[in-house]
Structure formats: C-alpha cells, structure tokens
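Taking it in order: structure first as structure tokens, then the write-up.
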Amino acid sequence: MKKVIAFILSLLCLLVLCGCGTASETVSETTAPTVQEGPVLPDPESVDIDGNFNILIAANWKWNDYEADESSSEVVDVAIYERREKIKEKYGVELTTEDIVASQSTMGSGKGFQKLYNEVMAGYTNYDAAMIGTYDVATLAYNGLLTDLNRVPYVNLNNEYWDQKANKDLSMKGKMYYTTGEISLSDNRSVYTLFFSKNMIDEYGLDNPYDLVKSGNWTIEKFAEMSKSVGSDKNSDSVFDKNDVFGFLTPRDTHLAILSATGEKICSINEDGQLTLTIYNERTSNLYDRYLDILNHSSTYNYQDISGSASSDERIGMFNNSQALFYSHTMFYTDELRQMENNFGILPYPKYDKNQGEYYNLVSPWHSQFVCVPVLNEGLERIGIVLEELAYLGKEMLTPAYYDKTLQGKYARDAESAEMLDIIFDSLLFDVGAYYNIAGLKDEIGKIYTSGKSLTTIYESNRLIAESKIDEINEIFAKRLGY
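Throughout the sequence shown, residue numbering follows our numbering, covering 1081 to 1563 in sequence.
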C-alpha cells in the first residue's frame, strides 16, 4: 500500500485533469520488426492465471469485441464468442467487461478518463485492461495513468497482429501507453474511406476509380475533377439540397481526413523524440486551398453544415438513388450501406499528387478506441499472456470474420473492393495532434467550410497556444521518462 500511496502523491504533482497530451512516435524506422508466426507464451500447465479478466470499455461508439451472444448468427459475433471460449479453455480465464460507452462521453476527460483516474487515486486495480476512446486514452497517457505496454511481459508489439503503424505514430522514446491491432476491430471500423457509386461512374462516363488507385493516379486533382463533373438541381427549385445530385457527399468530420491522406499530421514526433507542430507548410496550405475549392463547389453537399441537413437514412437513400458520386465516411458505415440496391465500391482517400509514394487513411479520433493497461496493476505476466493471446486469436479468428466474410462477402460487391480494403487497412495513420486536440486545431479544420478560413489563418491564430501546449507536454513526458 505504501507503494500505491507514494505513486499517487508523485502523480498529483504532474496531473492536469483537463490537459491534452501526447503518446508519441519513436519506434525506429530503420529497425526491422521481429515478426513471428504466433505468440511466445508459457505452457498453460505451467501457469496459474485462471479467474476473471476484467476489461473496461469506455468510448463514444459501442464496440465490444470481447463479449457476444452465443446464439448470434452474425459471423463477427460468432468469432468473438469462440475467441472467448478458446481463452477460457486454454488458460481458464473468463473475459468479463464493464461497458460504459456513450456518445459524446469520451472527449478528453470523460467517462473512461474519470473511471480510471478514480481507480488509481483510490489505489484500486479492478481492471486488468481497458479499451478507451481516443481522446480519453490520450489524456490518461499524458497524466501517467497507463502502463508502458513494452513493460508488460509476453506482449510483443512487433508481432504482426499488433498495428505497426500505431507503433510508429504513437510511441514516445520507445514507450507505448496505448495501441491497437487485431486484438480489436476498432481501427478497421474507424478508418475514413470513400464510397463511390458504380452506376454514376457508368452514367457519366468517368474513369474507373479502381484503375486510378492501382496506377497511383488517384489524386486530389483527379478527385476534384470527377466530383465537379457531377451535380445538378434535380428538382429545378434553384436550391441545392438532399433532393439534388452531387459529386461529393460529406460530413465536417472528414475535413481532417484529407490532411492525413497526404501523409501530413497536426503534430508529429521529431528526431529528438519530442512532439512538434507540423500542420502548416506550403504543401498543406496548398492542399486546403484546393480542398476548400471542392467544398465550395455546387457539386458538394456538406450535410452537417447546411440548413436542411440529411439524416443517415436520407443520405443512404441519396447514395442508393444515384444522387452522390462519392460518399465520405468511416468504414463501419458499410453496416448501414448493406441495404443498398445499387452497386457501390470502396476507395482509399486520394493522394496529394502522383509523386506521393503511398496512400494514407486516418483512424478517426471520435470513433476509435485503444487497448491500454491501467498503472498500479502488478499481475503484469497474467495480463500480458491474455492480451497477447487475444491479439493473436484476433488475427486468426476476428479479423477474418470481419474482413473476409463480412466486408468482402456481404458488403463489398466486387473483387476490386477487396483489393482496396488491403490498401486501406495497410495504410492507417494515427495523428496524435488530433488525438490530444492540440489547441483545438482539429475542430478549426472541421469548421473550415463554415468559417471560410484558410489554413494560414487557422495556423497563425492558434500557433502560439499550440506551441505552448506542446512545450508543456514535452516537459511532462521528459520528467516521466527521465531524459
């Protein structure tokens, strides 16, 4: 108990309840990861780790990849249930979850943050692990409430079933306080993507988007050209609304995804392992000038930011009725599009230009959640065994159920969409500047259509606040990490 009290007292010296923070990136890009066929775990007969394994789930979106109704016929639910049973059969471990998911509840100091903060302050270790929404998990890391996952025995984040892009984007001086991978479907569900109407491609005689992606010619310029070539006042009332035809149907949330699509971020980690502001340069300024031109064109329906906004069902109706060529949303929206009669395809976000080497797709801050281990937990060997086994079995059971059988079988309607999924899921990008909401820059970008501000104006108006916050974050991490 003295250990707990000493930790709490030292923690209070650093804790900033509402602070935004950083879980940064530092895994060396020159060091090839050690990839194995499976986890290196002790023989079940040699360890005694049976009993309940408690997972707290707190996020804005209801995704629980650890409990499922055994009577469900949905392939993902079946995989979740069978993974639970394998863990129980092998180690005698019963997965239990506490679910406090609620929309708008995970914004930096929300339910997930408060729950684990109160646990640590009371010296409790009721949760072996947690799946916490992005903004809250970032603040937990910043405030020293999470265990470095590299310290957890048996967890090898270099294994292929842990997300290697997360290793790169979320690591600070080799420390990883939260991550994702095939232990959960959250990263795949939460990635921004573009859906397109095959009927409208044929109707307007446009280039095949799949060919553009595969040739490397799927760029912002090409996207703008195709979007602007479609659009009409269908009912001739001189008002462009949900009754008309558009080239681009989008919410405000995806305005940040276009930044990530170019490989740029609000914040990055520099060579010294410190958080640095990277949102503004000639490339990003030009990007948003071009993107605003698309948003302001009559062929774009920005449904969250205009009067008479369309509901989800109405937007699906528009897409189904060939009233939108491109529809921007996160991947989980394929669940909603299952009712579509007209054919649609799935695309990564476009590149900045042909010289960009690869595609990038942002994991949505609002929708995603990350696995973490609360600090003070002492049974790290037990926790590591279960987490590594869950991640491995996720690769073997959960991802195939979601990817192969669900997306490729029920929703994606052609072989090319399956190729696009490979590209999208292999090109995830995690922007810690958005996750820690540095100076509210992500929100300013979200309002770029209604405010009409250029990126230059947004940057100059918020630069000093952002740099001050970044300095504070770097200083706190330096103290914690001892450098």
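C-beta: ideal position from N, C-alpha, C; glycine also.
Going by DSSP, what residue range makes up the alpha helix (DSSP H) through residue i?
| i | result |
| --- | --- |
| residue 1219 | 1214 to 1222 |
| residue 1338 | 1337 to 1341 |
| residue 1400 | 1392 to 1400 |
| residue 1364 | 1362 to 1375 |
| residue 1197 | 1191 to 1201 |
| residue 1525 | 1521 to 1526 |
Residues bridged to residue i by DSSP?
| i | result |
| --- | --- |
| residue 1068 | There is no way to answer for residue 1068, as the model of the chain reaches only from 1081 to 1563. |
| residue 1441 | 1508 |
| residue 1531 | Residue 1531 is not bridged to any residue. |
| residue 1210 | 1136 and 1452 |
| residue 1048 | As shown, the chain starts at 1081 and ends at 1563. That puts residue 1048 outside it, with no answer to give. |
| residue 1426 | 1275 |
| residue 1406 | 1276 and 1328 |
| residue 1226 | 1454 |
| residue 1252 | 1255 |
| residue 1312 | 1325 |
| residue 1242 | 1261 |
Taking only three categories from DSSP, how would you classify residue i?
| i | result |
| --- | --- |
| residue 1147 | coil |
| residue 1257 | coil |
| residue 1271 | strand |
| residue 1471 | helix |
| residue 1456 | coil |
| residue 1412 | helix |
| residue 1038 | For the chain, the structure presents residues 1081 to 1563; residue 1038 sits outside this window and is missing. |
| residue 1072 | Only positions 1081 to 1563 of the chain appear in the structure, and residue 1072 is not among them; the question remains open. |
| residue 1557 | helix |
| residue 1593 | Given a span of 1081 to 1563 for the chain in the structure shown, any question on residue 1593 remains unanswerable. |
| residue 1550 | helix |
| residue 1264 | coil |
| residue 1187 | coil |
| residue 1381 | strand |
| residue 1126 | helix |
| residue 1131 | strand |
| residue 1111 | Residue confidence for residue 1111 is low, a pLDDT of 45 falling below 50, so the modelled location carries little weight; the figure read from the coordinates is stated next. Note: residue 1111 maps to coil in three-state DSSP. |
| residue 1081 | Its pLDDT being 42, under 50, residue 1081 is placed unreliably in this model, and the coordinates cannot settle the point. |
| residue 1484 | helix |
| residue 1154 | coil |
| residue 1334 | helix |
| residue 1283 | helix |
| residue 1502 | helix |
| residue 1306 | helix |
| residue 1479 | helix |
| residue 1237 | coil |
| residue 1104 | Here the model assigns residue 1104 a pLDDT of 34, short of 50, so the residue's position is not dependable and the matter cannot be decided. |
| residue 1165 | helix |
| residue 1121 | coil |
| residue 1317 | coil |
| residue 1232 | coil |
| residue 1142 | coil |
| residue 1418 | coil |
| residue 1291 | helix |
Counting along the chain, where does the beta strand (DSSP E) carrying residue i start and finish?
| i | result |
| --- | --- |
| residue 1357 | 1355 to 1357 |
| residue 1349 | 1347 to 1349 |
The ligand GTP and residue i: does the residue's C-beta get closer than 7 Å to at least one heavy atom of that ligand?
| i | result |
| --- | --- |
| residue 1518 | Looking for the ligand GTP in the displayed structure turns up nothing, as the structure carries no ligands at all. |
Checklist line | Inter-stretch contact at 8 Å, needing at least 3 Cβ pairs: the stretch 1354 to 1365 / the stretch 1302 to 1311 | finding: no
Checklist line | Meets three-Cβ-pair contact criterion under 8 Å: the stretch 1393 to 1410 and the stretch 1269 to 1282 | finding: yes
Item checked: the stretch 1254 to 1262 touching the stretch 1447 to 1457, judged by at least three CB pairs closer than 8 Å -> yes
Margin query: Taking 8 Å as the cut-off, does the stretch 1419 to 1430 touch the stretch 1221 to 1238 (at least 3 CB pairs, one atom from each stretch)?
Written below: no
Check: Is the stretch 1541 to 1552 touching the stretch 1518 to 1527, taking contact as three or more C-beta pairs under 8 Å?
Finding: yes
Checklist line | Cβ contact check for the stretch 1524 to 1534 and the stretch 1457 to 1469: 3 or more pairs under 8 Å | finding: no
Notebook entry, point to check: Quick check: the stretch 1218 to 1228 against the stretch 1158 to 1176, are there 3 or more CB pairs under 8 Å?
Noted result: no
Margin query: With three or more beta-carbon pairs closer than 8 Å as the criterion, would you say the stretch 1492 to 1506 touches the stretch 1283 to 1296?
Written below: yes
Check: When the Cβ atoms of the stretch 1171 to 1182 are set against those of the stretch 1128 to 1145, are three or more pairs found closer than 8 Å?
Finding: yes
Notebook entry, point to check: Okay, do the stretch 1131 to 1149 and the stretch 1178 to 1193 touch, 3+ Cβ pairs below 8 Å being the bar?
Noted result: yes
Check: Taking three-plus beta-carbon pairs below 8 Å as touching, is the stretch 1361 to 1372 in contact with the stretch 1468 to 1487?
Finding: no
Next item on the list: Count the C-beta pairs between the stretch 1377 to 1395 and the stretch 1234 to 1246 that are closer than 8 Å, then say yes if the count reaches three, no if not.
Entry: no
Notebook entry, point to check: Within the chosen definition, does the stretch 1151 to 1165 reach the stretch 1478 to 1487 through at least 3 CB pairs nearer than 8 Å?
Noted result: yes
Item checked: Segment contact, 8 Å Cβ cut-off, at least three pairs: the stretch 1530 to 1547 with the stretch 1266 to 1275 -> no
Next item on the list: Would you be able to state if there are at least three C-beta pairs under 8 Å between the stretch 1425 to 1444 and the stretch 1323 to 1332?
Entry: no
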